[in-house]
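Peer 1: Each residue of the sequence shown is one higher than the one before, counting from 1107 in my numbering. In this text, a Cβ means the ideal position worked out from N, Cα and C, and glycines have one as well.
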Amino acid sequence: MTVCNAQSRRRLSILIPNHNYAAYIGQTIDSVLAQDYGPIELVIVDDGSTDGSVDVIEAALDRAGHLARTKLVALPRNRGKLGAINAVLDQLTGDYLITLDADDLLVPNYARRCIDVLEAERATDPAVGFVYSDCLLIDSQGELIDRGRSTPFDADLLDQFSYVPEPAVVVTQAFLDVAPFDESIRVATKHHKWKRMVARGWTGHYLPEPLFHYRMHGNNLSGIGSRVTAEVAQGRRGERILSGYWTTAEA
């Protein structure tokens, strides 16, 4: 792996909230370690897991010596995803931020590609606060289901659909401008964050490349994993995926 010159790049924070995803989070961390961008700080919040997640995380962090900084915060009780994020807001020192679900995977050039585009867009429009991409939909075993696509940024459409995925690269200050978040919200958490940012005047930019793997399984907090997998198995590939993605068969 070749990492771009860390001396000339802005620091990226990658935040992973985790609750009982011991089966996946080791792979998720490895996808962060494989990024060809630097410097990166990795902040992981274990949200009261009871499945041995902390042991898996600590073992994975033993492989993270090349990162600029790593931090594990283990919460004694479950606070929900937004509560876990709130718990470490003061730990984020990067110029940019990725909030990464503990069961998803970044492709090796994800951070570099998105940050290059974000910086280019902000050079002409400083209101651009985040960049998001398409994905590959995978099952619990990591097998490909289909390619998923999002849609170009539209503030009005965001009122209706949650089409901006969680691992979007965001300007950290834009994120902090709308924090802390309402911990009573336990579903559609990413939609809550993006809508608050857009209400503050920030816009997004869509990158139509499949740069991360979105894992579909029965335990997804969004509740769509098993349903979408079943729809694809039944050949219903043109249906709207409520996560904000359409399969390419609908393109």
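Could you please give me the residues that DSSP links to F1318 through a beta bridge?
Peer 2: Along the sequence shown, read from residue 1 onward, the residue named residue 1318 stands at position 212. DSSP lists L1212 as partners of F1318.
Peer 1: Have a look at I1146 and A1226 and give me their C-alpha separation to the nearest angstrom.
Peer 2: What you label residue 1146 is simply residue 40 of the sequence shown in a count that begins at 1. What you label residue 1226 is simply residue 120 of the sequence shown in a count that begins at 1. One C-alpha to the other measures close to 20 Å.
Peer 1: Three or more beta-carbon pairs under 8 Å between the region 1162 to 1176 and the region 1132 to 1148, yes or no?
Peer 2: yes
Peer 1: Using a threshold of 7 Å, state whether the C-beta atoms of R1321 and D1201 are closer than that.
Peer 2: The residue given as residue 1321 occupies position 215 in the sequence shown. The residue given as residue 1201 occupies position 95 in the sequence shown. In this structure, D1201 does not lie closer than 7 Å to R1321 by Cβ.
Peer 1: What residue from G1186, A1274, R1255, G1254 has the CA that sits closest to L1203's CA?
Peer 2: Sequence index remark: in the sequence shown, residue 1203 carries index 97 (1-based). Comparing Cα positions, the closest option is A1274.
Peer 1: From S1290 to R1302, what distance separates their C-alpha atoms?
Peer 2: Taking the sequence shown and counting its residues from 1, the one referred to as residue 1290 is at position 184. Taking the sequence shown and counting its residues from 1, the one referred to as residue 1302 is at position 196. Going by the C-alpha atoms only, they are around 15 Å apart.
Peer 1: T1156: buried (16+ other C-beta within 10 angstroms of its C-beta) or exposed?
Peer 2: Within the sequence shown, residue 1156 is the residue found at index 50, counting from 1. Label assigned to T1156: exposed.
Peer 1: Just list the residues that DSSP pairs V1277 with in beta bridges.
Peer 2: Translated into the one-based positions of the sequence shown, residue 1277 becomes position 171. Paired residues: Y1202.
Peer 1: List the endpoints of the continuous beta strand (DSSP E) containing S1114.
Peer 2: Locating residue 1114 in the sequence shown gives position 8, counting from the first residue. Per DSSP, S1114 belongs to no beta strand (DSSP E) and is neither H nor E.
Peer 1: Taking the alpha-carbon positions, what's the S1137 to D1265 distance?
Peer 2: As a working note, residue 1137 is residue 31 in the sequence shown. As a working note, residue 1265 is residue 159 in the sequence shown. Near 32 Å, if we compare the C-alpha coordinates of D1265 and S1137.
Peer 1: Can the beta-carbon of F1287 be found less than 7 Å from the beta-carbon of N1192?
Peer 2: Counted from its first residue, the sequence shown places residue 1287 at position 181. Counted from its first residue, the sequence shown places residue 1192 at position 86. Contact: yes.
Peer 1: Helix, strand or coil for S1239? Go by DSSP, reduced to three states.
Peer 2: Working through the sequence shown from its first residue, we reach residue 1239 at position 133. The three-state secondary structure of S1239, taken from DSSP, is strand.
Peer 1: Rounded to whole angstroms, what's the CA-CA distance from P1123 to K1177? Just pull it up for me.
Peer 2: Residue 1123 sits at position 17 when you count from the first residue of the sequence shown. Residue 1177 sits at position 71 when you count from the first residue of the sequence shown. Distance between the alpha carbons of P1123 and K1177: 12 Å.
Peer 1: Go through its chain and collect everything with a Cβ distance to V1304's Cβ below 7 Å, but skip five positions before and after it.
Peer 2: Residue mapping note: residue 1304 aligns to position 198 of the sequence shown, counting from 1. A1261, L1264, listed in sequence order.
Peer 1: Assuming A1128 and S1159 are in contact, meaning their beta carbons sit under 8 Å apart, how far apart are those beta carbons, in whole angstroms?
Peer 2: Against the sequence shown, residue 1128 aligns to sequence position 22. Against the sequence shown, residue 1159 aligns to sequence position 53. Yes, they are in contact, since the Cβ atoms of A1128 and S1159 sit about 4 Å apart, within 8 Å.
Peer 1: Per DSSP, T1176 is paired with what?
Peer 2: Taking the sequence shown and counting its residues from 1, the one referred to as residue 1176 is at position 70. Answer is L1148, bridged to T1176.
Peer 1: Put H1298 into one of helix, strand or coil per three-state DSSP.
Peer 2: Taking the first residue of the sequence shown as position 1, residue 1298 is located at position 192. Residue state, collapsed to three classes: helix.
Peer 1: Determine the contact status of Y1216 and L1317, defining contact as a CB-CB distance below 7 Å.
Peer 2: Locating residue 1216 in the sequence shown gives position 110, where the first residue counts as 1. Locating residue 1317 in the sequence shown gives position 211, where the first residue counts as 1. Yes, Cβ-Cβ distance for Y1216 and L1317 is below 7 Å.
Peer 1: Kindly indicate the opening and closing residues of the alpha helix (DSSP H) around G1189.
Peer 2: On the sequence shown, position 83 is the one that residue 1189 refers to. Unbroken alpha helix (DSSP H) run through G1189: 1186 to 1192.
Peer 1: Residues in its own chain within less than 8 Å of D1153 by CB, not counting five upstream and five downstream?
Peer 2: By 1-based counting over the sequence shown, the position of residue 1153 is 47. Once the five neighbours on either side are set aside, the close Cβ partners of D1153 are P1123, N1124, H1125, L1181, N1184, R1185, G1186, K1187, G1189, A1190.
Peer 1: For T1257 and R1306, I'd like the C-alpha separation in whole angstroms.
Peer 2: On the sequence shown, residue 1257 is found 151 positions in, with the first residue counted as 1. On the sequence shown, residue 1306 is found 200 positions in, with the first residue counted as 1. For T1257 and R1306, the distance between alpha carbons rounds to 21 Å.
Peer 1: Rounding to the nearest angstrom, what Cα-Cα distance links V1194 and S1268 in this structure?
Peer 2: To locate residue 1194, count along the sequence shown from 1; it is residue 88. To locate residue 1268, count along the sequence shown from 1; it is residue 162. Note on geometry: alpha-carbon atoms of V1194 and S1268 lie some 24 Å from one another.
Peer 1: Just the C-alpha distance for V1162 and G1132, rounded to the nearest angstrom, thanks.
Peer 2: What you label residue 1162 is simply residue 56 of the sequence shown in a count that begins at 1. What you label residue 1132 is simply residue 26 of the sequence shown in a count that begins at 1. Looking at the two C-alpha atoms, the distance is approximately 6 Å.
Peer 1: Please return the same chain residues whose Cβ sits closer than 6 Å to the Cβ of F1236, not counting the five positions on each side in sequence.
Peer 2: Position 130 of the sequence shown, counted from the first residue, corresponds to residue 1236. Within the same chain, A1274, V1276, G1310 come within 6 Å of F1236 by CB-CB distance, once the 5 residues on both sides are set aside.
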